[in-house]
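Visitor:
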C-alpha cells in the first residue's frame with residue numbers, strides 16, 4: 001500500500017491576491033504535509049511502541065549489564081559469543097522448531113476438518129460455532145494454568161480420569177519431565193490455536209461460490225476430488241494467512257510453557273522464547289542477544305514460508 | 001478552511017506533546033529537590049505465606065513509630081513478594097530509581113557495582129556492635145562491611161514419627177545408608193507416599209544441593225575461595241542420590257522440577273517420610289497435625305556437625321533520595337531488640353543481633369527452636385560475600401537439579417564453567 005498525498009489545495013490556490021507572501025508560504029508549508037498531521041499520532045505511537053523497543057533491544061544486546069541491574073558499559077559482541085557458547089542452545093533451537101512445526105501442522109489439519117464441519121448445515125450449528133470461541137476467549141495463561149492443575153500428580157482430575165479408565169497404573173508427574181511435558185503442552189497450544197484458525201478457514205470456505213461446486217457435480221466429480229481440486233485450491237489464501245499468523249504466534253508463544261513447566265527441568269522444555277526469559281535472570285545483555293536472534297528467526301521463518309508457498313503467485 | 005483544520009490539528013498535537021513533556025520535567029525536578037531529604041524509601045521482602053502473617057504491617061508499624069519519634073521525617077514502605085523482589089529491584093537500579101534501604105536475600109552483587117553505603121556510614125557503632133559476629137563477618141566484602149544481616153535460619157532433618165512407626169523404623173537415620181534404608185522400608189510398608197522429599201526445583205536448588213554435598217565433604221568453594229562445583233565429592237554425591245533415592249523411586253519422580261514449597265506442603269500433609277527443612281516447617285506441620293521429629297542432617301558417614309545457615313540482608317543505597325543521616329536514623333531505629341524479636345518470631349526465624357537472639361532464646365515459647373539456635377554459631381553459609389555468588393546461585397537454580405537425573409559430571413561441569421566466568425567478570 002502506498003500513501004500518496006492528495007494534491008494540496010494550497011498549491012493550486014497559492015498566492016491569492018492581496019496576501020502577504022509569508023503567511024501563504026507557511027500555510028502551503030503545512031498543507032504540503034498533506035495527511036501527515038492526521039496520521040502523525042499513529043506514526044508516533046508506532047515509533048514509540050514498536051521501533052523504539054526494537055532499537056533499545058539491539059542496543060541492550062551490546063551492553064554489559066550486571067546482575068544487580070547496573071549498566072557497566074559496552075560489551076561488544078561478547079554477549080552473542082556467550083549466547084552461542086551456551087551448552088543448551090542447540091537443543092533449545094531444535095525443540096523450538098519441533099514445537100512450532102508440530103503445533104502449526106496439527107492446528108491446520110484439525111482446523112481444516114473443523115471448518116468443513118462448521119460449514120455444514122446442522123441443528124445447533126450456531127451454538128457449536130459459539131462454543132468454539134471459548135478457548136479463544138479465555139486467557140491463554142488461565143487455560144495453561146487450568147491444564148497444569150488438571151495434570152497435577154496428586155490432585156489432578158486428568159490423572160484420576162486416566163487411572164479410572166485404566167490408561168495408567170498410578171498417578172503420573174506429566175509435566176515433570178520433558179518426554180511427557182512436551183506432548184501435553186503441544187496439545188494445549190493446539191487447543192488454543194484452533195478457534196482462530198478454524199474461523200479463518202471457515203471464512204475462506206464461505207467465499208467459495210456455490211456455482212463452482214454445482215459445475216463440478218455436473219461434471220461428475222466425487223467428494224474427494226471436489227475437495228482436492230476445488231475446495232483446497234480456493235481456500236489457499238485463507239489457509240496461508242492461517243499458517244503465517246500461527247507460525248508467528250506459536251513461535252513466540254510464552255505463557256503456555258511458562259505456566260506449565262517454566263521451561264524446566266533445566267532448559268528441557270524451553271523454546272527459544274522461554275530460554276530468552278530465563279537468561280534474563282542471570283544476564284540481561286545475553287537475554288537481549290537471544291531476543292535479537294529470535295526476532296531474526298521469526299522474520300526468516302516467515303520469509304522462507306512465503307517463498308516456498310509462492311505467496312504472490314495468485315495475485 | 002481546510003488549512004485551518006490542519007493547523008488546529010497540528011497545534012493541538014504540539015500542545016499535547018508539550019504538556020506531557022512538562023509533566024515529565026516536573027517529576028524529575030521534584031526528585032532532585034528531595035536529594036539529601038527526609039523522605040526514606042524502604043523496600044522489603046514479604047516473608048508471609050498468607051494475609052495473616054504478611055510483612056507489610058510490621059514495616060508500616062516501624063515506619064509510623066519512626067515518623068512519630070522523628071518529626072519531619074517520612075518513610076515510604078514498599079513490600080514485595082519473594083518471587084518478584086529481585087526483578088523489581090533490578091528495574092529500580094536500571095532506571096536509577098533506587099530505594100534508600102533494601103531488605104532482601106543478597107547484597108554482594110550490588111557491592112560489585114559500587115551501589116551501597118558502607119555499614120559504618122549508615123549505622124551507629126552501638127547498633128553495628130550488636131550484630132552477631134558470624135553474620136557481621138559474612139556482611140563484609142574484602143574486609144569492608146556493606147551488608148547488614150536481617151534474619152537467619154538454619155536447616156535440620158525432619159521426619160514423620162507416625163510413618164516411621166508404621167514402617168518399623170526405630171533409629172533415626174544419621175548416615176546416607178540409613179536414609180536409603182529407611183526410605184526403602186517406608187515404601188515397602190506404604191508408610192509414606194514420598195519416602196524422602198528431594199526438592200531440587202528452581203525455588204531453592206542451591207540449598208538442598210549444598211546440604212547433601214556437605215555430607216560428603218563437598219561444597220561450592222574451597223578454602224582458597226575458588227569455586228569447586230564439579231569437585232569429585234559433589235559429583236559422587238549426585239551419583240549416590242541417583243542410585244539410591246531417585247532411580248529406586250524413593251523420592252519425587254522428577255526432583256529437578258519439584259520445588260521446596262511442594263515438599264514442605266507434602267510433609268505438612270503427612271505424605272513425606274523425611275526431608276531437610278527450615279523452621280517454618282514446624283508451624284506448617286503443627287497445623288497439619290503431623291507428628292514430627294527433628295535431628296541433625298545425615299551425612300555420608302556421620303551427621304553434619306555444621307548445618308546450612310541462610311541469612312537475609314539489609315543494605316543502604318548511596319544514590320537513594322534520603323540523606324545519609326536520615327538513613328542512619330532509620331536503621332538505628334529499626335535494629336532494636338523489640339523490632340527484631342517481633343519480626344523473627346512471626347516466621348520462626350532467628351534474629352541476628354546479640355540481644356534479640358538472647359531475648360528470643362530466653363522465651364519459653366521458642367523452646368522448639370532450641371536446636372536451630374544451637375546450630376547457628378557453627379552453621380555454614382553460602383558464599384554470600386562473593387560478588388559473583390548471585391549469578392552463580394541463579395545458574396544453580398536453573399539447571400543444578402538436573403544433576404539428579406542426567407549425568408552429574410556434565411551438569412556440574414557446565415555450572416563450574418559458568419561460575420568461573422562469573423568470578424572472572426567481577427574481578
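Chains as they are written, first to last, in the UniProt record's numbering: chain A, 1 to 315; chain B, 1 to 427. We put the CB at the ideal spot given by N, CA and C, even for glycine.
1. DSSP three-state call for residue 77/A: helix, strand or coil?
2. Kindly indicate which three-state DSSP category residue 63/A falls into: helix, strand or coil?
3. Nearest to residue 291/B by CA position, among 280/B, 159/B, 151/B and 308/B, is which residue?
4. Counting only C-beta atoms, is residue 115/B closer than 8 Å to chain A at any point?
5. Among 330/B, 412/B and 189/B, which has the Cα closest to the Cα of residue 71/B?
6. Is there a Cβ of chain B sitting closer than 8 Å to that of residue 262/A, yes or no?
7. Taking the runs of the alpha helix (DSSP H) that are 4 residues or longer, which of them lie wholly in the segment 256–317 of chain B?
8. Which residues in the same chain as residue 265/B place their Cβ atom closer than 8 Å to its Cβ, once the five residues preceding and following it in sequence are excluded?
9. Is the beta carbon of residue 106/B less than 8 Å from the beta carbon of residue 313/B?
10. Name the DSSP beta bridge partners of residue 151/B, please?
11. Is residue 76/B helix, strand or coil when you go by DSSP?
12. Does residue 67/A have its Cβ less than 8 Å from a Cβ in chain B?
13. Write down the C-beta distance between residue 44/B and residue 79/B rounded to the nearest angstrom, noting that I regard them as a contact closer than 8 Å.
14. Quick one: give me the first and last residue of the alpha helix (DSSP H) that residue 199/A is part of.
15. Quick one: which chain B residues come within Cβ less than 7 Å of residue 278/A?
16. List, in chain order, every chain B residue whose beta-carbon is nearer than 7 Å to that of residue 177/A.
17. State buried or exposed for residue 172/A, treating a residue as buried only when at least 16 other CB atoms are found within 10 Å of its CB.
18. Could you check which residue in 295/A, 305/A and 304/A has the C-alpha nearest to that of residue 55/A?
19. Run the CB neighbour count on residue 157/A, radius 10 Å, all protein chains shown included, and call it buried at 16 or more, exposed below.
20. Among residues of its own chain, excluding the 5 on either side of residue 340/B, which ones have a beta-carbon nearer than 7 Å to its beta-carbon?
21. Could you spell out the range, first to last residue, of the beta strand (DSSP E) harbouring residue 157/B?
22. With a Cβ-Cβ cutoff of 8 Å, do residue 428/B and residue 255/B count as a contact?
23. I'd like to know if residue 248/B contacts chain A, where contact means its C-beta is closer than 8 Å to some C-beta of that chain.
24. Determine the extent of the alpha helix (DSSP H) in which residue 39/B is found, giving its start and end residues.
25. For the segment 119–133 of chain A, list every residue whose C-beta sits within 9 Å of some C-beta in chain B, in sequence order.
26. Mind the definition here: the segment 419–426 of chain B touches the segment 388–406 of chain B only if three or more C-beta pairs lie below 8 Å; say whether that holds.
27. Name, going along the chain, the residues of the segment 195–225 of chain B whose beta-carbon falls closer than 9 Å to a beta-carbon of chain A.
28. Secondary structure at residue 223/A, three-state DSSP: helix, strand or coil?
29. If you compare alpha carbons, which of 133/B, 122/B, 165/B and 61/B is closest to residue 146/B?
30. Report yes or no: is there a C-beta of chain B within less than 8 Å of the C-beta of residue 173/A?
31. Comparing C-alpha positions only, which one of 196/A, 74/A, 83/A and 174/A sits nearest to residue 107/A?
32. Considering only their Cβ atoms, is the gap separating residue 397/B from residue 248/B smaller than 8 Å?
33. I'd like to know if residue 31/B contacts chain A, where contact means its C-beta is closer than 8 Å to some C-beta of that chain.
34. Starting from the beta carbon of residue 255/A, find every residue of chain B whose beta carbon is closer than 8 Å, and list them in chain order.
35. Taking the alpha-carbon positions, what's the residue 286/B to residue 161/B distance?
36. Around the C-beta of residue 2/A, are 16 or more other C-beta atoms found within 10 angstroms, so that it is buried, or is it exposed?
Guide: According to the structure data:
1. Here residue 77/A carries a coil assignment [DSSP, helix/strand/coil].
2. Strand.
3. For residue 291/B, the nearest C-alpha among the options comes from 159/B.
4. Closer than 8 Å to some Cβ of chain A, the Cβ of residue 115/B qualifies, so yes.
5. The shortest C-alpha separation from residue 71/B is found at 330/B.
6. It does: the Cβ of residue 262/A has a partner Cβ on chain B nearer than 8 Å.
7. The segment 256–317 of chain B contains these whole alpha helix (DSSP H) runs: 260–268 and 280–287.
8. 284, listed in sequence order.
9. Yes, the pair counts as a contact, with Cβ atoms nearer than the cut-off.
10. Residue pairing of residue 151/B in beta bridges, as defined by DSSP: 351/B.
11. DSSP places residue 76/B in strand when its eight states are reduced to three.
12. Chain B, which has a Cβ nearer than 8 Å to the Cβ of residue 67/A, makes this yes.
13. 5 Å between Cβ atoms; contact.
14. Membership of residue 199/A in the alpha helix (DSSP H) is indicated by the continuous run 178–206.
15. Close partners of residue 278/A in chain B (Cβ separation under 7 Å): 398.
16. Ordered by position in chain B, the residues that pass the 7 Å Cβ test against residue 177/A are 254.
17. Classification of residue 172/A: buried, given that the 10 Å Cβ count is 16 or more.
18. Each of 295/A, 305/A and 304/A was checked against the Cα of residue 55/A, and the nearest Cα belongs to 295/A.
19. So residue 157/A counts as exposed.
20. Correct list, in chain order: 351, 353 and 356.
21. Per DSSP, residue 157/B belongs to the beta strand (DSSP E) from 156–160.
22. There is simply no residue 428/B to check, as chain B begins at 1 and stops at 427 in what is shown.
23. Using a Cβ-Cβ cut-off of 8 Å, residue 248/B does not count as an interface residue toward chain A, since no Cβ of chain A sits closer than that to its own.
24. Segment 39–46 is the beta strand (DSSP E) holding residue 39/B; no alpha helix (DSSP H) there.
25. Taking 9 Å as the upper bound on Cβ-Cβ separation, chain B lies near no residue of the segment 119–133 of chain A.
26. Below 8 Å, enough C-beta pairs join the segment 419–426 of chain B and the segment 388–406 of chain B to call them touching: three or more.
27. Under the 9 Å Cβ criterion, the segment 195–225 of chain B contributes 200, 201 and 202.
28. In the three-state reduction of the DSSP assignment, residue 223/A falls in the helix class, which pools H, G and I.
29. It is 122/B.
30. It does; some Cβ of chain B falls within 8 Å.
31. It is 196/A.
32. 8 Å or more divides the Cβ of residue 248/B from the Cβ of residue 397/B.
33. Unreliable placement is indicated for residue 31/B, whose pLDDT of 40 sits below 50; the coordinate value is still reported in the next sentence. Output row for residue 31/B: interface = no.
34. Result: empty, since nearest Cβ-Cβ is about 16 Å, beyond 8 Å.
35. Residue 286/B and residue 161/B: Cα-Cα distance of roughly 13 Å.
36. For residue 2/A, the pLDDT reaches just 41, beneath the cut-off of 50, and the residue's location in the model is therefore unreliable, although a value from the coordinates is still provided. Exposed, since its Cβ has fewer than 16 Cβ neighbours within 10 Å.
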